[in-house]
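*Asks:* Quick note on numbering: the numbering used here labels position 159 of the sequence shown as 159, and the sequence is numbered without any gaps.
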Amino acid sequence: MVATDIDGKAIAATIRSEVKDQVSALKAMHSDRPVDAPGLAVILVGSRRDSQTYVRMKKKACDECGISSFGYDYPDDVTEEELLSRIAELNEDERVHGILVQLPLPGHVSEPKILNAIDPSKDVDGLHPLNTAALCSTSTHAGSQRVNWADFSSLPFHVACTPQGCIELLDRSGVQLKGATACVIGRSNLVGLPVAMLLMHRDATVTVVHSKTSDAPSVVSKADVVVAAVGRAQMVKKSWIKDGAAVIDVGINSVDDPKAKRGYRLVGD
């Protein structure tokens, strides 16, 4: 069977165009007074190549969409107190509508403490406990408020952006999720668990494969939808994927390449 690529670049361009139009419309609604563009603040600690790549991509996306971006770069030895102080400032900054701390952080910094300090309404990565709890609520009991999981813009809380992007790719490529068998490779708080929850909310039957899974290739090979988010370069092999399956490769891993301009190249999972 001949594989068909999901054109992520084309889908991303469409989404950015839509967001740009929404930003322009927001400004037009308040033409009688100056309105700041939506603002995203990104905190980067250290010199990890993959983290630097992510941050560059986010800044480029903001520029294309008319969103203001505010970057705060710190060395590996930054203190926890410095980061908490910056977050407190950003929580109060009216120009900033979203705050993103690029993970992972150095070992001497408590990630939970840093993430919990972000105002939940500005936690665009969806990692604050209140946002995580909202994502994990199925709202199936009597009297609970139903959520339209097919429309992210209607959600009253933030969802992790990379998992949300995975669902957008699948939806915009015409992949049927209701009733599908889905396999998520990786169980991180950043991608694996949130995307598994989103797939379940869309009525897929979800299996999460992790480092202790017995015979991972066999488990993956049964899935109609595969999301690889394990963070290990080129781990998933072609033989693992059944014909007709939809595959989203979340991984961005750097491998040394002396021929490349930066001395390395990026590969998936």
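All residues carry an ideal CB built from backbone N, CA and C; glycine is no exception.
For my contact list, P106 and G46 are in at a C-beta cut-off of 8 Å; report their separation, rounded to the angstrom.
*Replies:* Confirmed, about 6 Å.
*Asks:* Ignore the nearest five residues each way along the sequence and tell me which others in V19's own chain have a CB closer than 6 Å to its CB.
*Replies:* Correct list, in chain order: C65.
*Asks:* For V78, which residues from the same chain have a beta carbon less than 8 Å from its beta carbon, with the 5 sequence-adjacent residues on both sides left out?
*Replies:* Excluding positions up to five away in sequence, the list reads V45, P106, V109.
*Asks:* Counting C-beta neighbours from all protein chains within 10 Å, is the total for D257 16 or more, i.e. buried, or is it exposed?
*Replies:* With fewer than 16 Cβ atoms within 10 Å of its Cβ, D257 is classed as exposed.
*Asks:* What does a CB cutoff of less than 8 Å around D249 pick up in its chain, not counting 5 residues either side in sequence?
*Replies:* Hits under 8 Å: A228, V236, G268, D269.
*Asks:* Residues in its own chain within less than 6 Å of Q234 by CB, not counting five upstream and five downstream?
*Replies:* Cβ within range, chain order: V267.
*Asks:* If you reduce the DSSP assignment to three classes, tell me which class S254 lands in.
*Replies:* In the structure shown, S254 sits in a strand (DSSP, three-state: E or B).
*Asks:* One question on the structure: do A160 and P194 come within less than 8 Å of each other, judged by their Cβ atoms?
*Replies:* Yes; because the gap between Cβ atoms is below 8 Å, this pair is in contact.
*Asks:* Give me the Cβ distance between A196 and V209, rounded to the nearest whole Å; I'm assuming they're in contact under 8 Å.
*Replies:* Contact doesn't hold; Cβ gap of about 10 Å is too wide.
*Asks:* Could you tell me which residues DSSP pairs with F70 in its beta bridges?
*Replies:* Partner(s): A41.
*Asks:* Short of 6 Å in beta carbon distance, which residues of its chain neighbour A142, apart from the five on each side in sequence? Order them along the chain.
*Replies:* Any reading at A142 needs caution, since the residue's pLDDT is 49, under 50, leaving its predicted position unreliable; the model's value is listed next. Answer for A142: no residue qualifies.
*Asks:* Let me confirm a value: D125 is counted as buried when at least 16 other C-beta atoms fall within 10 Å, else exposed. Which label applies?
*Replies:* So D125 counts as buried.
*Asks:* Looking only at DSSP bridge pairs, what is T205 linked to?
*Replies:* The partner list for T205 (beta bridge, DSSP) reads T181.
*Asks:* Beta carbon of V102, beta carbon of S51: below 8 Å?
*Replies:* Before going further, note that residue 102 is Gln rather than Val in the sequence given. Yes, the Cβ-Cβ distance between Q102 and S51 is below 8 Å.
*Asks:* Restricting to Cα atoms, I'd like to know which of T4, G165, Y74, K113 is closest to T14.
*Replies:* For T14, the nearest C-alpha among the options comes from G165.
*Asks:* Where in the segment 54-127 do unbroken runs of the alpha helix (DSSP H), each at least 4 residues long, occur, reported from the N-terminal end onward?
*Replies:* 80-92, 111-116, all fully within the segment 54-127.
*Asks:* Assign N131 to one of two classes, buried (16 or more other C-beta atoms within 10 Å of its C-beta) or exposed (fewer than that).
*Replies:* Counting Cβ neighbours within 10 Å, N131 comes out buried, since at least 16 surround it.
*Asks:* How would you write the range of the beta strand (DSSP E) that I11 sits in, first residue to last?
*Replies:* Not the beta strand (DSSP E): I11 falls in the alpha helix (DSSP H), residues 8-29.
*Asks:* Could you check the C-alpha separation between L26 and H97 for me, to the nearest Å?
*Replies:* Using only the alpha carbons, I get a separation of about 14 Å.
*Asks:* So, with DSSP's three-state summary, where would you put V275?
*Replies:* Missing from the structure shown is residue 275; the chain here goes from 1 to 269 and no further.
*Asks:* Out of curiosity, what's the CA-to-CA distance linking G186 and M29?
*Replies:* G186 and M29: Cα-Cα distance of roughly 43 Å.
*Asks:* Helix, strand or coil for I248, going by three-state DSSP, please let me know.
*Replies:* I248 falls in the strand class under three-state DSSP.
*Asks:* Consult DSSP for D5 and reduce its assignment to one of helix, strand or coil.
*Replies:* D5: coil per DSSP, three-state reduction.
*Asks:* Between which two residues does the alpha helix (DSSP H) holding V219 run?
*Replies:* Its alpha helix (DSSP H) spans residues 216-220.
*Asks:* What whole-angstrom Cβ distance do I43 and R86 have, given they're in contact under 8 Å?
*Replies:* Sure, about 7 Å apart at Cβ, within 8 Å.
*Asks:* Tell me the rounded alpha-carbon separation between A133 and A10.
*Replies:* The straight-line gap from Cα to Cα measures roughly 33 Å.
*Asks:* Can you say whether K212 is buried or exposed, counting buried as having 16 or more other CB atoms within 10 angstroms of its CB?
*Replies:* Answer is exposed; the Cβ neighbour count stays below 16.
*Asks:* Rounded to whole angstroms, how far is the Cβ of A204 from the Cβ of V226, which I believe are closer than 8 Å?
*Replies:* At roughly 11 Å, the Cβ-Cβ gap does not stay under 8 Å, so A204 and V226 are not in contact.
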